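Let me begin by presenting the structure, written as structure tokens, before commenting on it.
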Amino acid sequence: MSTVRRVYFYAVCLVTLVLAAWGAGLLLRLLFDLAIGGRPTFAGPGYANQQIALGLSMFTIPAAVWAFHWRTVQRLGGAGTQEAASALRKLYLAVTLAASSLTALMTGVTVLRWLLGGADSQTFSAGAAGAFPVALGVWYYNWRVNSRDGAPSPAGGTLLRWYWYFVAAWSLVLLATGIINTLGIALDHGIFISQPLVQGPLWSEPLQMRVAAVLLGLAWWSFHWLYAARDDSSSSLRQVYCYLFAIPGGALAAIVSLAIVLFRLLEFLLGVPVGSEPGFFRFLSLTAPTLLVGAAVWTYHWQRTKEEASGAAERRSSARRVYYYLLSGIGLAATSAGVITLIGLLLDFLLNSLNPAPLLVISPGWWKDQLALSVVLLALGLAAWLLHWLRTQREIDRSEEERFARSRKVYLYTFLCISIIASVAAAISIAYRLLSGFLLGTVAFDILNSMKWSLQLLCAAIPALVYHAGLLRYDIRVGAERTRTVKTIVVVASRTEAGSLAQRLERALGMPVRAMAYDGPGATEDGKISEQQVEVLAQAIAASPHSRLVVLLQGTEIKAYSYEEASRHE
Amino acid sequence: MRQSHRLLIAFGIALAALALGAATLVFIRGNVKVALLPESDPAGVVQRYMIAIQNGDNAGALKYVAPVPTTPKDGGPPKPIPPVVPPRRPASVPWRATLGATRVTGSEAQVDVTVYVFRSGNPFGDAVQTINETFFLVKQETGWLIQSPGPLWWLY
Chain A
325 MSTVRRVYFY
335 AVCLVTLVLA
345 AWGAGLLLRL
355 LFDLAIGGRP
365 TFAGPGYANQ
375 QIALGLSMFT
385 IPAAVWAFHW
395 RTVQRLGGAG
405 TQEAASALRK
415 LYLAVTLAAS
425 SLTALMTGVT
435 VLRWLLGGAD
445 SQTFSAGAAG
455 AFPVALGVWY
465 YNWRVNSRDG
475 APSPAGGTLL
485 RWYWYFVAAW
495 SLVLLATGII
505 NTLGIALDHG
515 IFISQPLVQG
525 PLWSEPLQMR
535 VAAVLLGLAW
545 WSFHWLYAAR
555 DDSSSSLRQV
565 YCYLFAIPGG
575 ALAAIVSLAI
585 VLFRLLEFLL
595 GVPVGSEPGF
605 FRFLSLTAPT
615 LLVGAAVWTY
625 HWQRTKEEAS
635 GAAERRSSAR
645 RVYYYLLSGI
655 GLAATSAGVI
665 TLIGLLLDFL
675 LNSLNPAPLL
685 VISPGWWKDQ
695 LALSVVLLAL
705 GLAAWLLHWL
715 RTQREIDRSE
725 EERFARSRKV
735 YLYTFLCISI
745 IASVAAAISI
755 AYRLLSGFLL
765 GTVAFDILNS
775 MKWSLQLLCA
785 AIPALVYHAG
795 LLRYDIRVGA
805 ERTRTVKTIV
815 VVASRTEAGS
825 LAQRLERALG
835 MPVRAMAYDG
845 PGATEDGKIS
855 EQQVEVLAQA
865 IAASPHSRLV
875 VLLQGTEIKA
885 YSYEEASRHE
Chain B
10 MRQSHRLLIA
20 FGIALAALAL
30 GAATLVFIRG
40 NVKVALLPES
50 DPAGVVQRYM
60 IAIQNGDNAG
70 ALKYVAPVPT
80 TPKDGGPPKP
90 IPPVVPPRRP
100 ASVPWRATLG
110 ATRVTGSEAQ
120 VDVTVYVFRS
130 GNPFGDAVQT
140 INETFFLVKQ
150 ETGWLIQSPG
160 PLWWLY
């Protein structure tokens, strides 16, 4: 069957499946509404009949069209066939699985909340109750189809991975926010509101909703992360999920909530009046659970990636490198904010002593609050920045190759760009205020007062500019900006050895290596290749002037050849 | 030692010195005493009004506010007295105010005040917000009383 014809079949299957599921959901909604719903949801006597007519039409016609097309597709795609492993089929399955899984998750939360709340007909949502079984059924059927298909093609496998990690990320967010809010509501109710004027029961609708989100979020996340993606430690997408979503997301949540906790505690310790107000510690009801959950997500995924860190060195180190620069960036941004606040405090003192206007009123915590904020931002920002930034610097000490990394260039140029723009903007503002003040004969105090924010910005931007410009200058001097020849290396070996040899070669070379496995008559098991052989091969490849190399392994003999597109002329 | 490491150490020392200096200033010179202005001056009335608000003394603040006539001159329905102190307790926002120009014209006066409010919510912007406010006062038998502004929106 031609590709265009296959696209047609899968597109029709997808659209008709969505319509049929919608129709089934409408019919179930009507059924649940009549059977359980306690509210008069019907506008008139004809409303139910209209809904039945619409539901039946939307279900039966698309379902018939879907059944016809799906049967044709299934005849092509028996287990283990090329069609069953194809990227197009996996795209259809990945989209269907992701959409039905997320619909089941979100509607399931509403249904479970209703059950946890005692199945009161007044709070029953017929829409969610109708959509949940349909979405779950569609998901289960397609999951079984995918399981029976056998191993997917590489492109098909990638598409399925997108589904696993997208749903895992979604459900992880639902689980994390659910735990934070559940603990927050419980702490607020039990500890921080000690003498409420009016207080409802703890086991109320908001708490039931959060508990339902925790239970289903946990189930969905466990299934997709712990079960579906359990043997996927070699994929790049998994590294992206861990290093660019779960680890930085957890780290950011933990760092921000820790900053708020420390700032508030410092306010309390410094004797700022706000600290003695009743209910002051109520901020802990949300920040403490966020800190705990963020740290748990961060450390769990960090530990998991460390355990899985063997093989495919280049791809892994790229993702890890991005993580280090990302965390360095967050730390440096917080440090800059701390410097801005600290300079603001010092300028405030200076302006206060120069101000000829009498002070009318001042809050007792005016200075201490600013000091607390700057200390917390500086302490946390510097800790996060130095911890991750110095690690990247140590990597450079080990291998100068790190200077060529794209993530390093993105990091350095981003901060150079931000610090240059901030410095220029602040310098323009200062120059303008100085000149206009001088020409208009404004009082020196007023000029200084109007420049305060620009001075704060300039004091934070200039050191960042000097430091990053210096680093970039050095990187350029040692050749980091020179165009490097990217080599395409392909390992061709038996199915048992191709992947392993490619991984070992990748580690030795520090660049990606593709693996191709040959099969069929004449294919024999290759012998084990020693580390010394891999080392010699890596040196030969590194020294080769050619940019395209194919490594052939037969038995225990390895040969590397350069290759290029052959001319078709006689 | 690399030049970048030397720069880092220099920045670190400078930052530590600044933080130490700021902490010393806060603890040694942070307890600023406010000199009370005469209550007979419009500026003194504004000062007492703001001190009362800062202390959460709503009743005390209302003493410096001119009462709004409950029955308007055109005979319409009585107007409610505008709230002087915001309904939400404002004490959690640290703020200070300095006096600007005072203009007195017969039984009316205007007092310019600059208010600085500290908000820790956005660490990447200026944490201190500056508001220029003009208080309008009227002289009555008991002394100067504030006519406007009513609600102090900048404390929200």
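Protein chains in written order, with this note's numbering: chain A, 325 to 894; chain B, 10 to 165.
All C-beta atoms, glycine included, are put in the ideal place defined by N, C-alpha and C.
Please read all numbers here as calculations on a predicted model, not as lab measurements.
Which residue's Cα is closest to the Cα of residue i: the options?
{"i": "A/Thr820", "options": "A/Ser723, A/Ala459, A/Asp843", "result": "A/Asp843"}
{"i": "A/Val860", "options": "A/Lys883, A/Met840, A/Ser871, A/Val874", "result": "A/Lys883"}
{"i": "B/Ala19", "options": "A/Gly474, A/His712, A/Pro787, A/Ser609", "result": "A/Pro787"}
{"i": "A/Gly474", "options": "A/Gln375, A/Glu407, A/Met840", "result": "A/Glu407"}
{"i": "A/Lys776", "options": "A/Thr431, A/Ala335, A/Leu594, A/Leu669", "result": "A/Leu669"}
{"i": "B/Glu150", "options": "B/Val126, B/His14, B/Ser116, B/Tyr125", "result": "B/Ser116"}
{"i": "B/Ala25", "options": "A/Ile579, A/Arg413, A/Leu706, A/Ser424", "result": "A/Leu706"}
{"i": "A/Phe490", "options": "A/Gln532, A/Ser425, A/Ala708", "result": "A/Ser425"}
{"i": "B/Leu146", "options": "B/Arg15, B/Ala23, B/Gly53, B/Leu161", "result": "B/Gly53"}
{"i": "A/Gln827", "options": "A/Ala817, A/Ala867, A/Ala839", "result": "A/Ala839"}
{"i": "A/Ala804", "options": "A/Thr629, A/Ile752, A/Phe592, A/Phe728", "result": "A/Phe728"}
{"i": "A/Ser559", "options": "A/Arg399, A/Ala578, A/Arg732, A/Glu632", "result": "A/Glu632"}
{"i": "A/Thr396", "options": "A/Ser760, A/Glu724, A/Tyr332", "result": "A/Tyr332"}
{"i": "B/Ser11", "options": "A/Gln375, A/Gln717, A/Ser760, A/Val874", "result": "Before going on, a small fix: residue 11 of chain B reads as Arg here, not Ser. When only C-alpha atoms are compared, the closest one is A/Gln717."}
On the CB-based measure, 16 or more other CB atoms within 10 Å of its CB, does residue i come out buried or exposed?
{"i": "B/Ile62", "result": "buried"}
{"i": "A/Tyr647", "result": "buried"}
{"i": "A/Pro478", "result": "exposed"}
{"i": "B/Arg97", "result": "Only weak support is given to the placement of B/Arg97: the predicted model assigns it a pLDDT of 48, under 50, and the question is left unresolved by the model."}
{"i": "A/Ile515", "result": "exposed"}
{"i": "A/Thr340", "result": "buried"}
{"i": "A/Gly454", "result": "buried"}
{"i": "A/Gly603", "result": "exposed"}
{"i": "B/Glu48", "result": "exposed"}
{"i": "B/Pro103", "result": "buried"}
{"i": "A/Asp799", "result": "buried"}
{"i": "A/Tyr885", "result": "exposed"}
{"i": "B/Pro92", "result": "With a pLDDT of 48 at B/Pro92, under the threshold of 50, the modelled position of this residue cannot be trusted, and the question is left open."}
{"i": "A/Glu614", "result": "Strictly speaking, residue 614 of chain A in this sequence is Thr, with Glu absent from that position. Answer is buried; the Cβ neighbour count reaches 16."}
{"i": "B/Asn40", "result": "exposed"}
{"i": "B/Leu161", "result": "buried"}
Could you have a look at residue i and say whether DSSP puts it in helix, strand or coil?
{"i": "B/Ile140", "result": "strand"}
{"i": "A/Ala696", "result": "helix"}
{"i": "A/Leu593", "result": "helix"}
{"i": "A/Thr812", "result": "strand"}
{"i": "A/Ser528", "result": "coil"}
{"i": "B/Lys148", "result": "strand"}
{"i": "A/Ala536", "result": "helix"}
{"i": "A/Tyr649", "result": "helix"}
{"i": "B/Pro96", "result": "The pLDDT assigned to B/Pro96 is 42, lower than 50, so where the model puts this residue is not dependable, and the model offers no usable value."}
{"i": "A/Leu484", "result": "helix"}
{"i": "A/Asp512", "result": "helix"}
{"i": "B/Val124", "result": "strand"}
{"i": "B/Glu117", "result": "strand"}
{"i": "A/Ala492", "result": "helix"}
{"i": "A/Arg562", "result": "helix"}
Confirm, please, whether the CB-CB distance from residue j to residue i is below 8 Å.
{"i": "A/Asp556", "j": "A/Arg485", "result": "yes"}
{"i": "A/Leu736", "j": "A/Leu796", "result": "yes"}
{"i": "A/Ala348", "j": "A/Val458", "result": "yes"}
{"i": "A/Trp463", "j": "A/Leu417", "result": "no"}
{"i": "A/Leu782", "j": "A/Ile754", "result": "yes"}
{"i": "A/Val336", "j": "A/Val389", "result": "yes"}
{"i": "A/Tyr565", "j": "A/Arg644", "result": "no"}
{"i": "A/Gln694", "j": "B/Phe127", "result": "yes"}
{"i": "A/Val663", "j": "A/Leu590", "result": "no"}
{"i": "A/Leu429", "j": "A/Leu499", "result": "no"}
{"i": "A/Pro525", "j": "B/Leu46", "result": "no"}
{"i": "A/Ala750", "j": "A/Ala785", "result": "yes"}
{"i": "A/Pro572", "j": "A/Leu651", "result": "yes"}
{"i": "B/Pro51", "j": "B/Val120", "result": "yes"}
{"i": "A/Ala658", "j": "A/Ala708", "result": "yes"}
{"i": "B/Val74", "j": "B/Val122", "result": "no"}
Within 7 Å: the Cβ of residue i and any heavy atom of the ligand NAP?
{"i": "A/Ala788", "result": "In the structure on display, the ligand NAP does not appear, and there are no ligands present to speak of."}
My parser needs the beta strand (DSSP E) runs of 3 or more residues fully inside the segment 753-819 of chain A; what are they? For the segment 753-819 of chain A, the full-length beta strand (DSSP E) segments reaching 3 residues or more read 812-818 along the chain.
Hey, which unbroken runs of the alpha helix (DSSP H) at 4 residues or more fall wholly within the segment 836-884 of chain A? 855-867
Runs of 4 residues minimum, wholly inside the segment 11-68 of chain B: which ones carry the alpha helix (DSSP H) assignment? 12-38, 51-63
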